[in-house]
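The structure appears below as structure tokens.
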Amino acid sequence: MLSQLVFLTLALISSAFAQDNATYGPYQLAATRAHLSQAGIIPPLLPNGTFEPLAYVNVSFPGVGQIGLGQTLSPDQVQQPPNITVTFLPSESGNDSVDYRTLKTMVVLEDVGTAGFDFPLGQTRTWLVYDASLQGADGCSNCSYKDYFTLATDSGTTVTDFHPLALSGNGPNRYVLLLFGQTTEFRPPNTSISVPVDFTLQSFMNETVLSPQDVYAAFYFDLQNGTATASASPTSPVISSTLADHAASTLYPTFSTYAVSESGASASTTASRTSGAETILLRWEGIAGLMVGAVAVGWLIQG
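When you read off a place in the sequence shown, starting at 1, and then add 24, the result is the number in this note's numbering.
See below:
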């Protein structure tokens, strides 16, 4: 009996770790929309009401690790392209056996300036890849929404090399990562410009025959070079209790990186503070409780 309890405990531990790769819920997508809205990015970068993400994105940089929405980075931390993983929500149609590896993705990273900057008519494109594939991270042969995917940007065609910029003293620039699902009407860009280039997203979507509804996921971070010498417009913190599906957050305790604080802290500060230690502590407290409980029950039964 004790061996069976130990086996059960190990299974529960394994399940707890597997939650790291579990499907993200609507709460996480609501948090994404709220972050992008409070940062003054969407809208206006995409028209109001058109951004309905289908998936959540994890972004990690070599030497830095996973970052939170709105986290501030320095130029030396973004020397290499990030690793991107994608987790899809279940489809409303109930067809949850879709093989997302057949979906080709266009990746756009653009600088929309500091908070308060009027950017709708002009941004800076600092990375553009199309025909990137989604690869089942666990090697699944028929990946479904329950699996998370690695976005293989090196499998696609690079038009603009990864090269985010930040002027010294200019304050935190907002960098927006957009993932477009390429439709059958998609028209590849007809010019290749490897260096950062002036850019207008709306004109680009017209050129490539894509729409705001084709954006299946988005993310953003701040990039700052040195101490800001000019003040930027403040952005409001995201209040988690005001988000739709707030109660669902209790179902995803391992994703506290994005369950932003209800205090007055900024979204970027909160995201970075809650990214690691609290998650690990909560997870291990739960695992320790399972182990102690199982062993105690085993001793009682044997006694």
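Think of the CB as a built atom: it goes at the ideal place given N, C-alpha and C, for glycine as much as any other residue.
Since we're looking at a predicted model, the values are computed, not measured.
Option in the options with minimal Cα separation from residue i
i      : options                           : result
Leu60  : Ala242, Gln103 and Leu247         : Ala242
Thr56  : Val200, Leu93, Asp155 and Gly160  : Leu93
Leu97  : Val132, Leu113 and Pro196         : Pro196
Glu209 : Met229, Val110, Val183 and Gly137 : Met229
Glu76  : Pro99, Phe112 and Thr177          : Phe112
Thr148 : Ala176, Gln62, Ser157 and Ser218  : Ser218
Pro86  : Asp178, Gln103 and Gln95          : Gln103
Leu70  : Phe143, Thr138, Gln95 and Gly137  : Phe143
Ala63  : Tyr240, Val136 and Pro220         : Val136
Pro188 : Thr138, Pro220 and Gln95          : Pro220
Proximity test, residue i beta-carbon vs the ligand SAM heavy atom, cut-off 7 Å
i     : result
Leu78 : The ligand SAM is not part of the structure shown, which contains no ligands of any sort.
Burial state of residue i, where buried means 16 or more other Cβ atoms lie within 10 Å
i      : result
Asp238 : buried
Asn72  : exposed
Gly146 : exposed
Thr126 : exposed
Residue i versus residue j: straight-line alpha-carbon distance, rounded
i      : j      : result
Ala4   : Leu225 : Only positions 25 to 327 of the chain appear in the structure, and residue 4 is not among them; the question remains open.
Ala295 : Asp246 : Its pLDDT being 36, under 50, Ala295 is placed unreliably in this model, and the value from its coordinates should be taken loosely. Roughly 12 Å separates the two Cα atoms.
Gln52  : Tyr80  : 7 Å
Ala232 : Leu152 : The amino acid at residue 232 is misidentified as Ala; the sequence shows Thr. Their Cα atoms are separated by approximately 12 Å.
Thr150 : Pro68  : 19 Å
Pro114 : Ser235 : 22 Å
Tyr244 : Ala54  : 15 Å
Tyr172 : Leu202 : 18 Å
Pro213 : Ser227 : 12 Å
Gly140 : Tyr199 : 14 Å
Pro50  : Asp222 : 34 Å
Ile66  : Thr184 : 23 Å
Ser157 : Leu133 : 17 Å
Leu78  : Thr138 : 27 Å
Other residues of its chain near residue i: CB distance less than 6 Å, five sequence neighbours each side excluded
i      : result
Val88  : Gln101
Asp155 : Lys128, Gly180 and Thr181
Met130 : Tyr154, Phe204 and Gln206
Leu211 : Per the sequence shown, the amino acid found at residue 211 is Arg instead of Leu. Closer than 6 Å at the Cβ level, and outside the excluded window around Arg211, lie Thr232 and Val233.
Phe186 : Pro105 and Trp151
7 Å CB neighbourhood of residue i in its chain, flanking five on each side removed
i      : result
Ser84  : Gln90, Ile91, Pro106 and Asn107
Ala190 : Pro99, Asn197, Leu247, Gln248 and Asn249
Ser216 : Val183
Thr74  : Pro236 and Gln237
Tyr240 : Pro77, Leu78, Ala79, Leu203 and Gly205
Per DSSP, cross-strand counterpart(s) of residue i
i      : result
Arg149 : Glu134 and Val221
Phe204 : Met130 and Val239
Leu189 : DSSP output for Leu189 lists no bridge partner at all.
Tyr51  : DSSP, once it has assigned bridges, lists no residue as partnering Tyr51.
Phe210 : Phe210 pairs with nothing; no bridge assigned.
Gly89  : Phe85
Ala79  : Phe112
Sequence-distant residues of its chain with Cβ nearer than 8 Å to residue i (five each side left out)
i      : result
Thr177 : Pro105, Ile108, Val131, Val153 and Ala156
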